[in-house]
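Position one of the sequence shown corresponds to residue 1 (the UniProt record's numbering), numbered consecutively onward. Data first, discussion second: the structure below is written as structure tokens.
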Amino acid sequence: MERRKALGLIAATGAATAASFTALPAFGSQTGRTTGAAGRGKATAKGGYTFALDKNVKRTSVRFKNRYGIEVAGDLYIPKNATGKLPALAVSGPFGAVKEQSSGLYANEFARRGYVALAFDPSFTGESGGGVRDVGSPDIYTEDFSAAVDFLGLQKIVDRERIGLQAICGLSGMALTAAAADSRIKAVATAAMYDMSRSMSRGHEDYYTREQRQKVVDHLSRQRWIDAENGTYARLSHEVPFDENGNVAPSNRVLPKTLPADADPITKIFYDYYRTERGYHPRSINSTTAWTGTTPMSFFAFRQMTNIDMLAPRKALLVAGADAHSRYYSEDVHKTAPDTVDLVIVPGADHVDLYDRKDLIPFDTLDEFFTKNLT
């Protein structure tokens, strides 16, 4: 099924299935799957993390502020018994996920390989600050990456001339935007990239017509009045779908509470991560609820990667699944800057596989990329 129809299905099923929801298991229990196993299923983890901490890695909860004064919550991963100045990576994403999910898994793996890695919750989400919860901002999220670089560069164990970014899914566009504007970032890699500004303002594969784009703008504008009158912020679809009559059909959930029997393949892969023990977290927007309904307004106004040419001579590496519905985002960025941006296509991988499938995520390739370019 096409992504645009999948979005419509999510909108139609999101609120209707609440009564049949089965509570997920409590966190903190040990389960049978070891970290890095090839198949999907339960992860061995404690404390709400969806992966097991490597025995050779130390994890510390940290806080730092961005230049807007918002406190950003992170987990700092450091190799045990590390000495000297180490290369460092700031890691975040996917869009609507938290540091206990995919970004933490990536940071844990990079720390195992000798990096200092900081997985963080973007502003307004997870444990990070921000008065309005679960509102997305491409500007502030871009700033969060640079603020993470500030923090890393102040650590005695970090070589501030060897700091890079690793982003996943919807934070990837913000990471590339940050790197183009912040030359302290020496290299950036993405996995399962989404350009959220393009996605929200134009739809999947730019399917929105001019009329549909105007309908989305009108919907967001009306919602501003509703929120202002109510003194609250409604939660609605950040990627606004349309029903069969051509009207906007937002939902109050990113994903349905229970998976419909006839769910399309894209809904299934996201559900399999965010709504099962594999990747569920109570602070994850995608696991539990929806974004603040007017979130798309700033993404209409803020185009990402406009200055990608400013990244050179520094390098970027984009990793995409061969079977991913999001693959075109990485391919299109690669076309705009082929001398600066390299592209790796992972055979047999869909979009969500690159969140946690360590048998498919090309960590050796990513490690080689950062080793070469963090100099």
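No residue lacks a Cβ here, since even glycine has one placed at the ideal position from N, Cα and C.
Query raised in the report: Among Tyr-208, Val-344, Thr-60, Pro-338, which one has its Cα closest to the Cα of Ala-324?
Result: Val-344
Query - Contiguous alpha helix (DSSP H) assignments of at least 4 residues, all confined to the region 254-338 - result: 265-274, 285-288, 296-301, 327-336
**Report entry** Straight-line Cα distance separating Tyr-77 from Lys-372
**Finding:** 21 Å
Query raised in the report: Which of helix, strand or coil does DSSP assign to Glu-239?
Result: coil
Report task. Assign Ser-61 to one of two classes, buried (16 or more other C-beta atoms within 10 Å of its C-beta) or exposed (fewer than that). Result -> exposed
Query raised in the report: Cβ of Val-72 within 9 Å of Cβ of Phe-110?
Result: no
Query raised in the report: Alpha carbon to alpha carbon, how far is Phe-51 from Ile-285?
Result: 19 Å
Query raised in the report: Taking the beta strand (DSSP E) that Val-116 falls in, what are its first and last residues?
Result: 116-120
Query - Limits of the beta strand (DSSP E) - the one that Glu-161 falls within - result: 158-168
**Report entry** Residue(s) in a DSSP beta bridge with Asp-75
**Finding:** Ser-61, Ala-119
**Report entry** Sub-9 Å separation of Pro-87 and Phe-299 beta-carbons
**Finding:** no
Query raised in the report: Taking the alpha-carbon positions, what's the Asp-227 to Ser-183 distance?
Result: 39 Å
Query raised in the report: With a CB to CB cut of under 8 Å and the five nearest residues on each side skipped, what residues in its chain are close to Thr-365?
Result: Leu-317, Val-319, Val-344
Query raised in the report: Thinking C-beta only, is Ile-163 closer than 9 Å to Ala-90?
Result: yes
Query raised in the report: Where Gln-304 and Leu-259 are concerned, what is the direct C-alpha to C-alpha distance, given to the nearest angstrom?
Result: 33 Å
Query raised in the report: Between the Cα of Pro-122 and the Cα atoms of Phe-363, Ser-237, Gly-93, which residue gives the shortest distance?
Result: Gly-93
Query raised in the report: Are the beta-carbon atoms of Val-346 and Asp-356 separated by less than 9 Å?
Result: no
Query raised in the report: Which residue from Met-174, Lys-55, Gly-126 puts its Cα closest to that of Thr-306?
Result: Met-174
Query raised in the report: Considering Ser-128, what are the terminal residues of the alpha helix (DSSP H) in which it resides?
Result: No alpha helix (DSSP H) contains Ser-128, which DSSP labels as neither H nor E.
Query raised in the report: At which residues does the beta strand (DSSP E) containing Leu-89 begin and terminate?
Result: 86-92
Query raised in the report: Per DSSP, what kind of secondary structure is Ile-185 in: helix, strand or coil?
Result: strand
Requested in this report: Could you check what DSSP says for Thr-142 in three-state terms: helix, strand or coil?
Outcome: helix
Query raised in the report: Pick from Asp-359, Thr-142, Asp-75, Arg-113: whose alpha carbon is nearest that of Glu-127?
Result: Asp-75
Report task. Using a threshold of 9 Å, state whether the C-beta atoms of Ala-192 and Ser-172 are closer than that. Result -> yes
Query - Contacting residues, own chain, Cβ-Cβ under 6 Å from Asp-65 (five flanking each side not counted) - result: In the sequence under discussion, the amino acid at residue 65 is Lys, which differs from the Asp named in the question. If we look at Lys-65 and ignore the five residues flanking it on each side, its Cβ neighbours are Glu-71.
Report task. Take Asp-206 as the anchor and find which of Ala-234, Lys-156, Glu-239 has the nearest alpha-carbon. Result -> Glu-239
Requested in this report: Measuring alpha carbon to alpha carbon, tell me which of Asp-218, Arg-275, Glu-143 ends up nearest Pro-250.
Outcome: Asp-218
Query - CB contact flag (Thr-289, Asn-252, <9 Å) - result: yes
**Report entry** Rounded distance between the beta-carbons of Gln-155 and Tyr-106, thought under 8 Å
**Finding:** Tyr-106 to Gln-155, Cβ: 19 Å. No contact.
Report task. Within 10 angstroms of the Cβ of Ala-337, are there 16 or more other Cβ atoms? Answer buried if so, exposed if not. Result -> buried
Query raised in the report: Do Cys-169 and Phe-95 have their C-beta atoms within less than 9 Å of each other?
Result: yes
Query raised in the report: To the nearest angstrom, how far is it from the Cα of Tyr-233 to the Cα of Val-216?
Result: 17 Å
Query raised in the report: Using the rule of at least 16 other Cβ atoms within 10 Å of the residue's Cβ for burial, across every protein chain shown, is Lys-315 buried or exposed?
Result: buried
Query raised in the report: Where does the unbroken alpha helix (DSSP H) through Asp-342 begin, and where does it stop?
Result: Run containing Asp-342: none in the alpha helix (DSSP H); it sits in the beta strand (DSSP E), 341-346.
Query - For Ser-199 and Leu-311, the rounded distance between their alpha carbons - result: 23 Å
**Report entry** Buried versus exposed call for Glu-100 [16 or more other C-beta atoms within 10 Å across all chains shown]
**Finding:** buried
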